[in-house]
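All remarks here apply to the structure that follows.
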Amino acid sequence: MFDVSKSLLQTLQLKKLNTQNIELFVKRDDLIDEYVSGNKWRKLKYNVEQAKTLKKSGILTFGGAYSNHLVATAAACQKSGLRAIGIVRGDELNAHSNSILRQCADFGMALQFVSRLDYAARNEKSYHEELNVQFPNYLIVPEGGANYYGMIGCQEILKETANDFDYVVVAQGTTTTSIGLALALPEKTTLIVVPVLKAFDALAEMKTLLGYTGFELSMIEDVLSKVHVLSEYHFGGYGKYTDELLDFMEQVYTETKLPLDPIYSGKALFALQDWAVKNAIHDKRILFIHTGGIQGGKTIEKKEGRQYS
Ligand SMILES: *Cc1c(COP(=O)(O)O)cnc(C)c1O
331 MFDVSKSLLQ
341 TLQLKKLNTQ
351 NIELFVKRDD
361 LIDEYVSGNK
371 WRKLKYNVEQ
381 AKTLKKSGIL
391 TFGGAYSNHL
401 VATAAACQKS
411 GLRAIGIVRG
421 DELNAHSNSI
431 LRQCADFGMA
441 LQFVSRLDYA
451 ARNEKSYHEE
461 LNVQFPNYLI
471 VPEGGANYYG
481 MIGCQEILKE
491 TANDFDYVVV
501 AQGTTTTSIG
511 LALALPEKTT
521 LIVVPVLKAF
531 DALAEMKTLL
541 GYTGFELSMI
551 EDVLSKVHVL
561 SEYHFGGYGK
571 YTDELLDFME
581 QVYTETKLPL
591 DPIYSGKALF
601 ALQDWAVKNA
611 IHDKRILFIH
621 TGGIQGGKTI
631 EKKEGRQYS
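For what it's worth, the numbering used here labels the leading residue of the sequence shown as 331, then goes sequentially.
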């Protein structure tokens with residue numbers, strides 16, 4: 331199932347950047363699968379392989395009510411002959427609360443709805459031990475696929491492109507994807523990350539996640555020295571967006587036929603254009619990683635700061 335042939339490398343003509351002689355390319359990970367959002371697929375690949383190697387019954391993981399990662403896990407497990415369990419934040423929800431959760435259930439994922447308090451323990455060893463008793467022989471994967479296997483899956487994105495980019499640009503949630511990219515970065519390339527969460531210390535988060543996986547501090551600092559953070563493009567925080575962002579997405583679609591989502595890829599491409607214009611970046615080759623996020627036919631409505639659902 332882990333076939334990347336649909337993830338094309340395309341040129342992208344944004345009018346504003348053409349005048350600055352920027353060659354922009356987009357890695358279309360959004361095209362990999364209809365349900366498994368691009369980078370979620372990358373992050374699950376080696377987790378699924380690991381579950382199979384260890385002869386696990388399936389994968390148990392965590393997510394919020396609108397988690398792309400939950401749907402991706404449900405779809406990937408179904409395709410791989412593994413079972414899937416999703417621990418969902420919010421005990422007021424059920425499998426019919428929204429289209430994401432319905433899709434998870436349709437893919438055969440067993441959903442367990444827990445209180446926000448219980449959910450807060452999702453990374454704690456004692457909670458995992460409890461879950462191992464309740465659901466024996468499942469591989470526990472953290473929220474967002476944020477583990478070592480997730481990172482090495484994302485390293486492969488850059489192995490499918492040329493090595494001559496000045497910048498690689500990507501949206502950031504858990505930072506797993508950006509870490510994979512940073513680990514695979516050619517010598518002269520800078521990685522630009524666009525956190526979609528408000529008041530998010532991207533470098534500190536990346537450092538912590540790299541630390542969990544046992545990288546030495548000097549190595550971590552070396553990797554992070556190639557990362558540049560654009561922290562002012564969260565549009566109010568996770569799941570929030572403005573008409574300005576939606577207008578931009580619409581304009582990009584009209585001009586280039588590239589679909590974007592307002593949670594991740596839209597914010598990242600907006601940030602890239604705004605940064606390049608404001609800093610008069612010119613004569614560069616830039617690679618934008620389209621991480622996906624548009625699966626499932628979600629609809630959006632214009633209104634300031636409206637929650638995406
Ligand atoms: C989950 C997601 C991200 C965030 O990736 P991280 O590895 O958590 O930083 C980015 N883009 C899309 C479309 C996503 O669904």
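The C-beta atom is built at its ideal place from N, Cα and C for all residues, glycine as well.
Residue 450 is classed as exposed because its beta carbon has fewer than 16 other beta carbons within 10 Å across all chains shown. Under the DSSP assignment, residue 355 falls outside any alpha helix (DSSP H), being part of the beta strand (DSSP E) whose first and last residues are 353 to 358. In the DSSP assignment, residue 598 forms no beta bridge with any residue. Taken in chain order, the complete alpha helix (DSSP H) segments of 4 or more residues contained in the segment 400 to 437 are 429 to 436. For residue 612, the three-state secondary structure derived from DSSP is coil. With distances taken between CA atoms, residue 453 lies nearest to 390 out of 390, 578, 424 and 507. Taking C-beta atoms as the reference points, residue 496 and residue 616 count as a pair closer than 8 Å. The beta carbons of residue 368 and residue 586 sit about 18 Å from each other, so the pair does not count as a contact at 8 Å. Here residue 396 carries a coil assignment [DSSP, helix/strand/coil].
Exclusion of the five residues before and after residue 397 leaves no residue of its chain whose Cβ lies closer than 6 Å to its Cβ.
Pairing residue 399 with residue 541, the inter-Cα distance amounts to about 23 Å.
Counting along the chain, residue 512 sits inside the alpha helix (DSSP H) bounded by residues 506 to 513. Assignment of beta-bridge partners to residue 470 by DSSP yields 390.
For residue 580, the closest alpha carbon among the candidates 353, 473, 599 and 395 is that of 599. Counting only residues of its own chain and dropping the five nearest sequence neighbours on each side, residue 567 has a CB closer than 7 Å to the CB of 527 and 528. Of the heavy atoms belonging to ligand 1, at least one sits nearer than 7 Å to the Cβ of residue 594. In the DSSP assignment, the residues bridged to residue 340 are 356. When DSSP states are grouped into helix, strand and coil, residue 442 belongs to the strand group. Here the segment 543 to 550 makes no contact with the segment 487 to 505; the two share fewer than three CB pairs at distances below 8 Å. Residue environment: residue 358 is assigned as buried (16 or more neighbouring CB atoms within 10 Å of its CB, all protein chains considered). In this structure, residue 597 places its C-beta atom within 8 Å of the C-beta atom of residue 524. With distances taken between CA atoms, residue 605 lies nearest to 350 out of 350, 340 and 341. According to the DSSP assignment, residue 586 belongs to the alpha helix (DSSP H) that extends over 573 to 586. No Cβ-Cβ contact shorter than 8 Å links residue 336 with residue 475. The C-alpha of residue 537 lies about 25 Å from the C-alpha of residue 623. Contact check for residue 375 against residue 483 passes: the beta carbons are separated by less than 8 Å.
In terms of Cα proximity to residue 611, the closest of 333, 345, 352 and 339 is 352. For residue 574, the number of other beta carbons within 10 angstroms of its own is below 16, and it is reported as exposed.
Here the distance from the Cβ of residue 367 to the nearest heavy atom of ligand 1 is below 7 Å. With distances taken between CA atoms, residue 472 lies nearest to 416 out of 416, 411, 583 and 601.
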